[in-house]
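Trainee: Have a look at this one before I ask anything.
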Amino acid sequence: MLIRRLVTTAVAVLIATTAMPLPASAQPASPAMTPKCAEQARNDAALARSRATTAKMTCVDTVAPNTGTTTALAVPSTCADNDFIYTRFTACVIRAAIMYVYEIPTGRVVGHIKYRFDSYITTSASSNHWTLQQDFEILETSGNLAGTFFTGDGACQPSCTADVSFPNRPFSTVGAKMSATNTSTSTSITPGSNAVQNHRTTMRHWFHNVAWEYRASDKIPLEPGQIRCDGEYTVVGCTFPVRPVFTIAARPGIMSFAKHVKMSLDYQLPRVLTRMRDEFNATQNGNKACPARIPKPSSDWSCDEYPFRSTLQGAFTSNAPYGRTFAGCQIDLPDIPIRQPGDAGGYNICLIPATENTAGGLLLKAFYRDNRVLDGERFIVVVTGI
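According to the UniProt record's numbering, the sequence shown holds residues 1 to 386 in order.
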């Protein structure tokens, strides 16, 4: 009987001890406020003293993401802290913020939530939809945050719709994660038209709690750069206005084409070109650079020119003063000599297998389509594998 009483007493003591709150000294310490929030708290405290009121207030400010300590979203390795990194079809950024809960008029911080939010946008060359995804993760907290919820909203403008999925649920414990999306759709572009529209998609998020004076914290916005949609092809496509790169990977089937472009670039012919859709001028470029009088070993050979005839830098549209060739290009004309070191002017031509010239042209055409390169838009030429 004595043993049973001792066991019962021990269990009761254990339960009572477990249910007791941690002493103040054992609670996680709230960090010092950022300068922005410290100033806001001082202003709120002064106003509260003048009105003889007491309440709990909040302030939110951005802070360093500390990306090495969390795995909120599997964003591309090229993503950076605070600033958006853009490609032709993606944009991403890693950010973090901290919300303080403080009393007025004392200004004492009674709780905080530090969290990271990763944002990733994907567009498509073959769709009028694009998606902004945000993933959130709480990094640290302090104080009594019971009843704290998290939510947000999104929008798209102009001439586009926004389908936003943003939960409204409790979010106040370390390690807690939440995701939200904004799938936007361009509504003003017709496939096969020359129409172009710039859109802006946005997201906002905030915390809220009925115990706070204004119930909700400040809203933290996310405003990526403009997304451009066009109807140049049979389907609408959308991109970021990042200069695309035409990469020619040397391989069998286009090796001579790649070598000619590479030699032209090595002699400082323009690497940045401007697309031109005018078929008449493109034909004029080709006729000037590769006139019919150029003798060919056989019909299996074709004259290839650089810069490309479909660009403003072509022989005719650039008003190039002369043409040049390279040793081994099988062109022997007195008015088209072999290019010499230091000569970076004019245009260049070379005889290459006709099949390769056709393949190179198709490669460039596919690049225009797949990257939604519009008339008058500049792009970069790169050759790899040589």
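All C-beta atoms in this analysis are idealised placements derived from N, C-alpha and C, irrespective of residue type, glycine included.
Model, not experiment: these values are computed from the prediction.
1) Mind checking who Tyr100 pairs with in its DSSP beta bridge?
2) Taking 8 Å as the cut-off, does the segment 85 to 98 touch the segment 236 to 256 (at least 3 CB pairs, one atom from each stretch)?
3) What three-state label does DSSP hand Asn287 in the structure shown?
4) Hey, out of Ser126, Ile121, Thr161 and His129, whose CA is closest to Ala180's CA?
5) Ile331: which of Ala320, Ser318, Pro321 and Asn348 sits nearest, CA to CA?
6) Just how far apart, CA to CA, sit Thr70 and Val174?
7) If you draw a straight line from the C-alpha of Ile248 to the C-alpha of Ile386, how long is it?
8) Please state whether DSSP places Arg4 in a helix, a strand or coil.
9) Give me, in chain order, the residues of the same chain whose beta-carbon lies closer than 6 Å to that of Glu117; leave out the 5 immediate sequence neighbours on both sides.
10) From Thr355, Asn371, Ser50 and Arg293, pick the residue whose C-alpha is nearest to that of Pro334; which is it?
11) Just reading off the alpha helix (DSSP H) that Gly360 is part of, what are its end residues?
12) Looking at the unbroken alpha helix (DSSP H) that takes in Val261, where does it start and where does it end?
13) What distance in whole Å lies between the Cβ atoms of Glu377 and Arg277, which are believed to be in contact at a cut-off of 8 Å?
14) Indicate the three-state DSSP secondary structure (helix, strand or coil) for Asp335 in the structure shown.
15) Tell me, to the nearest whole angstrom, how far the beta carbon of Lys296 is from that of Leu374; I am working on the premise that it is less than 8 Å.
16) Quick one: is Asn194 buried, meaning 16 or more other Cβ sit within 10 Å of its Cβ, or exposed?
Mentor: To lay it out plainly:
1) DSSP output for Tyr100 lists Cys59 and His112 as bridge partner(s).
2) Segment contact: the segment 236 to 256 against the segment 85 to 98, three or more CB-CB distances shorter than 8 Å; contact assigned.
3) Note: Asn287 maps to helix in three-state DSSP.
4) Measuring from the Cα of Ala180, the nearest candidate turns out to be Ile121.
5) It is Asn348.
6) Because the pLDDT at Thr70 is just 45, under 50, the model does not fix this residue reliably, and the value given afterwards should be weighed accordingly. The C-alpha of Thr70 lies about 11 Å from the C-alpha of Val174.
7) Each residue's alpha carbon lies about 10 Å from the other.
8) Residue confidence for Arg4 is low, a pLDDT of 35 falling below 50, so the modelled location carries little weight and cannot support an answer.
9) Per the sequence shown, residue 117 should be read as Phe rather than Glu. So the qualifying residues of the chain are Arg95, Gln134 and Phe136.
10) Of the listed residues, the one whose Cα sits closest to Pro334 is Arg293.
11) In the DSSP assignment, Gly360 falls within the unbroken alpha helix (DSSP H) covering Ala354 to Asp370.
12) Met255 to Asp266 is the extent of the alpha helix (DSSP H) around Val261.
13) The C-beta separation of Arg277 from Glu377 comes to about 10 Å, leaving the pair out of contact by the 8 Å criterion.
14) Note: Asp335 maps to coil in three-state DSSP.
15) With a Cβ gap of about 35 Å, Lys296 and Leu374 do not count as contacting.
16) Residue burial is scored here from C-beta neighbours: Asn194 has fewer than 16 other C-beta atoms within 10 angstroms and is therefore classed as exposed.
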